[in-house]
Every structure is written in structure tokens, then in C-alpha cells.
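Report on the structure given below.
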Amino acid sequence: MTQFVFDVLNEMIDEPIGVFEPGSDEQIAELKIKKVERSLAHGNEFDAFTVELSGDAREHCPPATYLFKHPKFGEESLYMSPYAIDQYQICISRKADNS
23 MTQFVFDVLN
33 EMIDEPIGVF
43 EPGSDEQIAE
53 LKIKKVERSL
63 AHGNEFDAFT
73 VELSGDAREH
83 CPPATYLFKH
93 PKFGEESLYM
103 SPYAIDQYQI
113 CISRKADNS
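For the sequence shown, the numbering used here begins at 23 and goes up steadily by one.
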């Protein structure tokens with residue numbers, strides 16, 4: 023089961039995470055989690071939240087799917103889009119695990 027979840031990420035504000043090209047061991051950027059916020063779609067049926075990240079403008083990442091790594095959540099392949107030269111957002115919306 024994924025550990026890239028709201029509660030884990032919300033405790034990681036200002037912590038750096040590694041950004042890698044999928045299928046590569048070469049880190050292309052390091053981003054810090056700046057904000058984790060529940061989305062309007064969050065509820066009994068869906069787990070929905072956004073993660074805002076910031077980084078060095080010299081390591082700009084275009085919109086794409088990246089491999090994110092950190093000891094607290096392991097490895098996750100997710101789509102990330104920039105909204106400024108050094109600011110990014112990941113949107114998560116998945117069926118809630120009500121077990």
C-alpha cells in the first residue's frame with residue numbers, strides 16, 4: 023500500500039524529496055514540500071489532496087511523470103506540473119480505502 027498519503031506528507035513540510043526520471047537512478051532535482059491541502063473531492067469515496075513543492079529555478083522540471091523518493095514514503099511515480107519556474111503541484115485523487 024502506498025505511503026504517499028495526506029497524513030505522511032503533511033508531516034513533511036519543508037523536507038526535501040528526490041526527483042528522478044522514471045527508470046533512472048540519476049536525481050534531476052530536489053524539491054521541498056511547501057503545502058499539503060485536502061481537495062474538494064475528498065470524502066467517503068475519494069482520498070483527494072494536492073501537494074505543493076518548491077525548488078531551485080536552475081533545476082526546472084517541465085510537466086511530466088517523475089519518480090519521487092524519500093525514506094518516509096518510499097518511491098512513487100506521479101505526474102507533476104509547474105505553475106512557476108520554481109513551484110510545482112501534484113494532485114492526488116484516488117478511491118478511498120475504507121477498510
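We put the beta carbon where it would ideally sit given N, CA and C, even for glycine. Please read all numbers here as calculations on a predicted model, not as lab measurements.
If you draw a straight line from the C-alpha of residue i to the C-alpha of residue j, how long is it?
| i | j | result |
| --- | --- | --- |
| K56 | S76 | 7 Å |
| S115 | V27 | 11 Å |
| A79 | P44 | 21 Å |
| S99 | E74 | 16 Å |
Could you say which of the options lies nearest to residue i if we only look at CA atoms?
| i | options | result |
| --- | --- | --- |
| V30 | H82, H92 and I107 | H92 |
| F42 | P84, Y105, T24 and D36 | P84 |
| S103 | Y88, F71 and N32 | Y88 |
Whose C-beta lies closer than 7 Å to the C-beta of residue i among residues of the same chain, with five residues either side of it excluded?
| i | result |
| --- | --- |
| M34 | I55 and K94 |
So, at 6 Å on beta carbons, what are the nonlocal neighbours of residue i in its own chain, with the 5 sequence-adjacent residues on each side left out?
| i | result |
| --- | --- |
| A107 | For the sequence presented, residue 107 should be read as Ile rather than Ala. Excluding sequence neighbours, I107 sits near A79 and H82. |
| A51 | V41, G77, E81 and C83 |
Hey, residue i and residue j are a contact pair by Cβ (cut 8 Å); roughly how many whole angstroms apart?
| i | j | result |
| --- | --- | --- |
| K71 | I39 | Reading off the sequence, residue 71 comes out as Phe, not Lys. In fact, because the Cβ distance is near 16 Å, the residues do not count as touching under 8 Å. |
Whole alpha helix (DSSP H) runs in the segment 27-111 with 4 or more residues, listed along the chain? 28-32
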